[in-house]
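Undergrad: Residue numbers (the working numbering), protein chains in the order written: chain A, 1 to 444; chain B, 1001 to 1521.
Sharing a structure with you now.
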Amino acid sequence: MAEITPFVPLFRQQFPQIHSIDDPIQLLDYTVDDRLPDILMQPQTIEEAARIVKFFHAQKLSVLPRGNGTHMSIGDLPAHINALLETTAFNHVLEHEAPDLTCRTEAGITLAQLQAQLKNKGQRLALDPPNAETATIGGILATNDSGPKRLRYGSARDQVIGLSVIQANGEISHSGGRVVKNVAGYDLNKLYIGSFGTLGIIVEANFKLYPLAPAERTLLFTFESIEDAMQATIGLTSSTLAPSAIELLTLQGPKDASPFFAFSLPETGYTLAVNFENSTIAMTRQINEALKIAQTHHAFLREDLEGQEQERFWQMISLQIQSALSCKINLPVTRIAGLIDQVETICKHQHLIANIVAHAGNGIAYVELGPYNAMSRIITAITTLRNFAQANKGNLVLERCSTQLKQHLSVWGEPRADFDMMKRLKHQFDPDGVFVRGRYLGGL
Amino acid sequence: MRLYFTFSDMHGIISILEMFIITSSEGKQGRKMSIIEEPFTTTTEPPYTRLSEKTKIQVIKALQEVSGKAYVLHTLYDLALYEYDASIERARPDIVVLPASTQEVAAIVKIATHYHIPVVPRGAGTGLSGGAIPIYGGIVVTFTRMNHILAIDYENLRATVEPGVVNIHLNQALNPHGYAYVPDPSSQRACTIGGNVGENAGGPHTLVYGVTTNHVLGLEIVTSEGEILEIGGEAYDTPGFDLTGLLVGSEGTLCIVTKIIVRIVPLAEDVKTMIAVFDTIEDASNTVSEIIASGIIPTAIEMMDQLILQAVEADSHAGYPLDAAAVLLMETEGMREAVNAQIEEIVAICKKNQARVVRIAADENERQLLWAGRKNAFGAVGRISPEFYVQDGVVPRTQLPYVLRCISEICRRYQLKVGNVFHAGDGNLHPLILFDAQVPGELERVRLAGHEILEICAAVGGTITGEHGVGLEKQAEMALIFTEVDLRIMKKVQTAWNPDQLFNPGKLFPLPGRCADVKQL
């Protein structure tokens, strides 16, 4: 068992009211890549959280922020974690200015909770990453997570208008503001989004909002060739139609979720799910024109989904992206077909199975590989795919994998020439290394 | 030559003195501190002294070797063009260079580092906040020659451009193919994409599509060490910090941008433009609030008040009414059916709010004319006033009626005429305060009124600039919306990337000695 670290009694003496756990058995649920934090802090307010960071900064100890932990697996192996700081207690919507289409919320709230409150006034946050029920806003922003509808609405960087962040010394700073347009000073929101807690802890966020869609439909097409599927995708993105999402699915492996949803995806070929949100009046023609474009590229229409069926379908898609081993590959859209070919070839050679879910219109592919314990073959496959991505103006991030695999493969890939500029920022924001190092690009 | 330089320096000193005299006589009236009490020109930090003539000759020679004699300007005559932008500030550079390539830019930066001379990047000089004004002199790098569209990739919806490409030229290349680059500042016929990136420019059509930052995916930059770096790229979500997001809108204070990868979009199937005419500003602003609240998001909602309408109509004869208190210029685009439905809803809201007339542009010609009127509004105001000062505050859209009332009250108190022409849908105000710098004390009153307007914007939860940038103009006002901690964090970014303030020194941050004025939360 871990020995009692000397700072724990000091901390408890100074902050008797702050809830914390240092029992190693209980902490087992909170390991990060098999590393046990010394203590879990559960502050009830943002101010408490700031005081904790200030204490740890003064003691030269390290802190790692955590929401509900849905994304703690992303990242290289962490350096020693003194404290894991849980943000889930600050979960209040502070303002919902419905007539102004903006809101301000504490960052420990889950996306689903936030959406439920916004829905009361007919609005929503246009972010649809997986795990809405558990993922917190802070976690979603820190990991820059997104979903299929980023095709139409963009990602977190396009929705956030302001942030409050606990800095490495425990001070709380603000960036941006509460209005939808703002160029005062540096756009630090962009810097914090996707920084994985290496620069600060996001504790509050201001968003611009959208009205709920009056009507929504999803078409499912099947294609025999990937080239056709991607040409249809490009046909749609370059048309005057405004699909909210174009998801490409190709599933070879076991489809865990399908039976549960009483819904099966095709065994062969490539499926394209095209989602439209629109006024009812424009929907019919959107659908008809989309059908025409798809047919030009030899598609078979399989389903036309609405209502609950449609909801279940998209839930299933989001579950597909969460197996034990998956990589996220970002490419120009026209290179996605080549990527899929590449994945199929590698799978054949290495005797692997791949499931692919791609935001086809954005050029973002989530590739799940199995069996995940086939270490050396997996390493070969991922290395090949990473080289392919880099040769095609893209990149590969290993979003989910075992701790063991991280000893052989970098989660982020080699940093590029601009890494020095990132290091300089990290050094300015967190010179003493309060925020746990090791996990982010280049070990930041 | 010697005479010229002496004259030039004298000129600079005189304007500084003028400003200072005005300041000390008027600035102490109000209890509140303003920009004027400590004019930027008196700041001692960063420590840049004007170039000695000897050094200047050496620098010119070095620069000539990089870019060629013809592209290094240093005579008073040539430099005079570069002492302005579209703000009310001015300062003369020592040297202007027109590089033709990224490598040249990198070489120029290295020369500047060697001689410790500031470098100020400049697009077309249409900026409204003094971003391109070289207040410490030094080298202005202007991108007139780096004006090539390097690639357009329709399938991937990307274009790669050099920073000197004029905004509208990109659209002229894209439109015939059925595509567009969305951000369209009113100065788009002159302003460059590089300048747009520097200021994170907006425009009337940002309501749905966002501002420049939402359309830039990658950059090539030159760092303050003269290193050339690729940032971001054509694909999304490059691992590591979103440096592209940080650099867009950094006002030339962190790096020099030499290449830009932007997102392009297919043109909408249908576009409809309409005007709604109101007898009171109140009705017009209530209409805006109600349209936004109803969940309809048109692509543009612009407001013009009577003073502006009269100037615009005299200038472009677009058919705007002269006797209206306010007109809303609105546009919606998308699928034909959706556009028609939106128009119906908008018309209903306008009528409910006592719109006198609602007119939908009958054809493309009328549409273009209405927009030409709006986009030339700043120029048109030149007909009725020798000078104007434009502010750029943003307020929550629900606060528009209140803030517009405050603006007219403030200007009345300072005995200044004000016209409003702005992006109402975003809550992004552009009060144009008319003045004549020849009238003693008038410029001073203009600055004070401008400051008070921004105080109101900040007080209702808004911001001091929505698209024009902080530059020289709103440095003091940064303290209205950011705490000392917030500003310190921003300063860290500058320290990380531009530690000696080689790039665009003396901008963006409140000036030394003004910490007491920093907002306390």
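Ideal placement from N, C-alpha and C gives every residue a C-beta, glycine not left out.
Given the structure is predicted, the values throughout are model-derived calculations rather than measurements.
Which residues of chain B have a Cβ atom closer than 9 Å to the Cβ of A:W412, listed in chain order?
TA: P1239, G1240
Undergrad: Which bits of chain B does A:S376 rub up against, with CB to CB less than 8 Å?
TA: Near A:S376 there are no residues of chain B at all, since even the closest Cβ is about 24 Å away, more than 8 Å.
Undergrad: Under 8 Å between beta-carbons, which chain A residues line up against B:P1396? List them in chain order, please.
TA: E97, D100, T102, R178, V179
Undergrad: Take A:L114 and list the residues in its own chain whose beta-carbon comes closer than 7 Å to its own, dropping the five residues that flank it on each side.
TA: Cβ neighbours of A:L114 beyond the five flanking positions: V93, T105, L125, I137.
Undergrad: To the nearest angstrom, report how far apart A:V343 and B:D1085 are at their CA atoms.
TA: 53 Å
Undergrad: Select from the region 1186 to 1218 of chain B all residues with a C-beta closer than 7 Å to any C-beta belonging to chain A, and list them in chain order.
TA: E1199, N1200, G1202, T1206, G1210, V1211, T1213, N1214
Undergrad: Using a Cβ-Cβ cutoff of less than 8 Å, which residues in the same chain neighbour B:P1298 once the five nearest sequence positions on both sides are dropped?
TA: Cβ within range, chain order: L1207, V1208, I1291, M1330, E1331, T1332, Q1342, I1346, G1425.
Undergrad: Using 9 Å as the threshold, is the C-beta distance between A:D187 and B:T1238 below it?
TA: No, Cβ-Cβ distance for A:D187 and B:T1238 is not below 9 Å.
Undergrad: So is A:I281 in contact with chain B if we call contact Cβ pairs under 9 Å?
TA: yes
Undergrad: Between the alpha carbons of A:A299 and A:T271, how many angstroms are there, rounded?
TA: 9 Å
Undergrad: Quick check on the burial criterion: 16 or more other C-beta atoms within 10 angstroms. Buried or exposed for B:K1028?
TA: Since pLDDT at B:K1028 reaches only 33, below the 50 mark, its modelled position is unreliable, and the value read off the structure follows with that caveat. Under this definition B:K1028 is an exposed residue.
Undergrad: Output the distance between the C-alpha atoms of A:F7 and A:G67, rounded to the nearest integer angstrom.
TA: Spanning the two alpha carbons is a distance of roughly 23 Å.
Undergrad: Out of A:F15, A:Q14, A:R35, point me to the one whose CA is closest to A:P24's CA.
TA: Looking at the Cα atoms, A:R35 is the closest of the given residues.
Undergrad: Throw me the rounded Cβ distance for the B:E1282 and B:P1401 pair, which I believe falls under 8 Å.
TA: 6 Å
Undergrad: Could you check the C-alpha separation between A:G446 and A:F90 for me, to the nearest Å?
TA: As displayed, chain A neither begins before 1 nor continues past 444, which places residue 446 of chain A out of reach and without an answer.
Undergrad: Do you know offhand how far B:A1437's Cα is from A:K393's?
TA: 53 Å
Undergrad: State the start and end residues of the unbroken alpha helix (DSSP H) segment that holds B:K1491.
TA: 1484 to 1497
Undergrad: Taking Cβ-Cβ distances shorter than 9 Å, what residues in chain B pair up with A:L425?
TA: F1241, L1243, L1246, K1492, V1493, A1496, W1497
Undergrad: Along chain A, which residues have their Cβ under 8 Å away from the Cβ of B:A1341?
TA: For B:A1341, the residues of chain A that pass the 8 Å Cβ criterion are S279, I281, A282, in the order they occur in the chain.
Undergrad: Under 9 Å, Cβ to Cβ, is there at least one residue of chain B near A:N120?
TA: no
Undergrad: At 9 Å on the CB atoms, spell out the chain B contacts of A:Y30, in chain order.
TA: Residues of chain B passing the Cβ test: none, with the nearest at roughly 25 Å.
Undergrad: I need the DSSP call for B:R1412, collapsed to helix, strand or coil.
TA: helix
Undergrad: Any Cβ of chain A within less than 9 Å of the Cβ of B:F1482?
TA: yes
Undergrad: Output yes if chain A places a C-beta closer than 9 Å to the C-beta of B:T1287; else output no.
TA: no
Undergrad: Taking the alpha-carbon of A:G162 as reference, which of A:N131, A:A168, A:K181, A:N169 has the nearest alpha-carbon?
TA: A:K181
Undergrad: Excluding the 5 residues preceding and the 5 following A:L449 in the sequence, name in chain order all residues of the same chain whose CB lies nearer than 6 Å to its CB.
TA: Any question about residue 449 of chain A goes unanswered here, given that chain A covers just 1 to 444.
Undergrad: Can you tell me whether A:F15 is helix, strand or coil according to DSSP?
TA: coil
Undergrad: Looking at C-alpha atoms only, which residue of B:G1130, B:F1278, B:G1232 is the closest neighbour of B:D1242?
TA: B:G1232
Undergrad: For B:Y1077, does the count of other Cβ atoms within 10 angstroms reach 16, so buried, or fall short, so exposed?
TA: exposed
Undergrad: Do B:L1448 and B:L1429 have their beta-carbon atoms positioned less than 9 Å apart in this structure?
TA: no
Undergrad: Tell me whether A:S376 sits in a helix, a strand or coil according to DSSP, three-state version.
TA: helix
Undergrad: How many angstroms separate the CA atom of B:P1047 from the CA atom of B:I1168?
TA: 39 Å
Undergrad: Between the Cα of A:P431 and the Cα atoms of A:I39, A:I21, A:K60, which residue gives the shortest distance?
TA: A:K60
Undergrad: Please list, in chain order, all residues of the same chain as B:I1022 whose beta carbon is under 6 Å from its beta carbon, the five residues on each side excluded.
TA: Below a pLDDT of 50, predicted positions are generally treated as unreliable, and B:I1022, at 32, falls in that range; the measurement from the model is reported next regardless. Counting only Cβ-Cβ distances below 6 Å, and skipping sequence neighbours, we find E1444.
Undergrad: Under 8 Å by Cβ, that's how I've got A:P480 and A:I201 pegged, so tell me the actual separation to the nearest angstrom.
TA: Because residue 480 of chain A is not part of the residues shown, which for chain A are 1 to 444, the question remains open.
Undergrad: Just to confirm, are B:G1252 and B:G1131 a CB contact at a threshold of 9 Å?
TA: yes
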